[in-house]
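Written below as structure tokens is the structure these notes are about.
Chains as they are written, first to last, in my numbering: chain A, 640 to 835; chain B, 5 to 176.
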């Protein structure tokens, strides 16, 4: 397994101008590594539907690279989205799954069939252009540039160390982050999209 | 005995309203009553049809398109709308974007007894989410579609069109 922070540190060097959508407990660390905050986007969440929102963004901005850092718990809630994405074939979409094998935010209970399921296999057979699996940082680092240059939709499954939270929800300390509305406003301003 | 055919809502009227209101994408799960509408939409060069796997996806895909500056509509059946409750909450109501959702009103009828629970719960569902809606049954009602777009833009909220012609359907 790889630490999500290491994934982000390696990925950032190859990001270019890509719009990045981080999700899940693993995704919370992305802000420490991003050097282009105006292109970091919080699309909110609704039982795994951030993946769908990322697809909508990629379809609406075909000239922009869109990278989603997804989580396996979210994807399992909405696995049909893999077929939806593959059906529309967004060439600018890179779908990176940070798989920590558990619901880290609720105390680390395992997701269904956590260790046997092959997410990259499911994505590839759903019709993604290409799919990769990594549980070694060096191997990811060797391939990340090829991944970012590949024609999408590309799927990348990475086994990551869970960052389990056990404190009562009201006692958890969250680092300050920009709201969804703020990140949308900043991205639209960056791209010259009218908010009206 | 002469039987007069009831007035219907034509697929052309619906597509014309979409074009008039600048719609760029229709995010949809077709149902058995809307096949011809689906084919007509696919034939429009200005319109991108986005087929989804489950209705909850449609509202989130629409959010992404809205952030990108596009003008999507969601086209689903009332059963799928009810399945989409948390997506409507998190991806539409909380996000503050205008969205017209066209919803096939399965089980609805004007004159008989409604026996389909899909129809019985449709309007209570929309009321629970405080989503305003307009019933559209025939071509003469189609200006209500533009009214819905205007209201959505003014309020930055979702507005529903209930297609009460579900059992005529858009088949030919």
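We put the beta carbon where it would ideally sit given N, CA and C, even for glycine. Because the structure is a prediction, the values reported are computed rather than measured.
Determine the DSSP secondary structure at residue i, reduced to helix, strand or coil.
i                      : result
residue 135 of chain B : coil
residue 793 of chain A : strand
residue 823 of chain A : helix
residue 680 of chain A : coil
residue 769 of chain A : strand
residue 798 of chain A : strand
residue 651 of chain A : helix
residue 672 of chain A : coil
residue 736 of chain A : strand
residue 96 of chain B  : helix
residue 705 of chain A : strand
residue 124 of chain B : helix
residue 731 of chain A : coil
residue 174 of chain B : coil
residue 812 of chain A : coil
residue 90 of chain B  : helix
residue 39 of chain B  : helix
residue 718 of chain A : coil
residue 665 of chain A : helix
residue 686 of chain A : coil
On the DSSP bridge assignment, give the partners of residue i in chain order.
i                      : result
residue 105 of chain B : B:78, B:164
residue 756 of chain A : Its beta-bridge partners do not exist; DSSP assigns none.
residue 55 of chain B  : B:32
residue 710 of chain A : A:737
residue 641 of chain A : A:799
residue 742 of chain A : A:748
residue 140 of chain B : B:167
Taking C-beta pairs closer than 8 Å, name the residues in chain B that residue i reaches, listed in chain order.
i                      : result
residue 763 of chain A : Simply none; closest approach about 17 Å.
residue 833 of chain A : 73
Name the chain A residues that come within less than 7 Å of residue i, Cβ to Cβ?
i                     : result
residue 74 of chain B : 699
residue 66 of chain B : 695
residue 90 of chain B : 685, 686
In chain A, which residues lie less than 9 Å from residue i when you measure between Cβ atoms?
i                     : result
residue 54 of chain B : 694, 695, 698, 723, 726, 727
residue 93 of chain B : 685
Looking at the unbroken beta strand (DSSP E) that takes in residue i, where does it start and where does it end?
i                      : result
residue 659 of chain A : 658 to 661
Anything in chain B within Cβ reach of residue i, meaning under 9 Å, just list it in chain order.
i                      : result
residue 791 of chain A : Those within 9 Å of residue 791 of chain A in chain B number zero; the least Cβ separation is about 15 Å.
residue 820 of chain A : 99, 100
residue 682 of chain A : 64, 67, 68, 71, 95, 99
What are the start and end residues of the alpha helix (DSSP H) that includes residue i?
i                      : result
residue 19 of chain B  : 15 to 24
residue 150 of chain B : 147 to 159
residue 117 of chain B : Looking at the DSSP string, residue 117 of chain B is not in any alpha helix (DSSP H), and its letter there is neither H nor E.
residue 72 of chain B  : It is not in any alpha helix (DSSP H) - residue 72 of chain B carries neither H nor E in the DSSP assignment.
residue 695 of chain A : 689 to 699
residue 48 of chain B  : Note, residue 48 of chain B: premise wrong, no alpha helix (DSSP H); not H, not E.
residue 12 of chain B  : Note, residue 12 of chain B: premise wrong, no alpha helix (DSSP H); not H, not E.
I want to verify the contact list: residues of chain B whose CB lies under 7 Å from the CB of residue i, in sequence order.
i                      : result
residue 677 of chain A : Residues of chain B passing the Cβ test: none, with the nearest at roughly 14 Å.
residue 823 of chain A : 71
Which chain A residues are close to residue i, counting only those with a beta carbon under 8 Å from its beta carbon?
i                     : result
residue 60 of chain B : 685, 686, 688, 691, 717
residue 41 of chain B : The premise fails here: residue 41 of chain B is roughly 19 Å from chain A at the closest Cβ pair, so nothing lies under 8 Å.
residue 57 of chain B : 719, 720, 722, 723
residue 69 of chain B : 695, 696, 698, 699
*Hey, is the segment 690 to 706 of chain A in contact with the segment 714 to 729 of chain A, meaning 3+ C-beta pairs nearer than 8 Å?*
yes
_At least three beta-carbon pairs within less than 8 Å, the segment 760 to 777 of chain A to the segment 824 to 834 of chain A_ = no
*Using 8 Å as the Cβ pair cut-off and three pairs as the minimum, do the segment 818 to 829 of chain A and the segment 12 to 19 of chain B touch?*
no
*Taking three-plus beta-carbon pairs below 8 Å as touching, is the segment 70 to 82 of chain B in contact with the segment 663 to 672 of chain A?*
no
*asked:* If contact is defined by three or more beta carbon pairs under 8 Å, each pair taking one atom from either stretch, is the segment 788 to 797 of chain A in contact with the segment 33 to 47 of chain B?
replied: no
*Should the segment 642 to 657 of chain A be regarded as contacting the segment 798 to 808 of chain A, the criterion being three or more beta carbon pairs within less than 8 Å?*
Segments in contact, yes.
_Check whether the segment 83 to 92 of chain B and the segment 119 to 136 of chain B touch, using three or more Cβ-Cβ pairs below 8 Å as the test._
yes
*Count the C-beta pairs between the segment 779 to 792 of chain A and the segment 740 to 759 of chain A that are closer than 8 Å, then say yes if the count reaches three, no if not.*
no
*Would you call the segment 60 to 75 of chain B and the segment 674 to 690 of chain A touching, i.e. three or more CB-CB distances under 8 Å?*
yes
*For the 8 Å Cβ check, are there 3 or more pairs between the segment 102 to 118 of chain B and the segment 803 to 815 of chain A?*
no
*Evaluate contact between the segment 116 to 128 of chain B and the segment 141 to 160 of chain B, counting only Cβ atoms and requiring at least three cross-stretch pairs below 8 Å.*
Judged by pairs of C-beta atoms under 8 Å, the segment 116 to 128 of chain B does not touch the segment 141 to 160 of chain B, as fewer than three such pairs exist.
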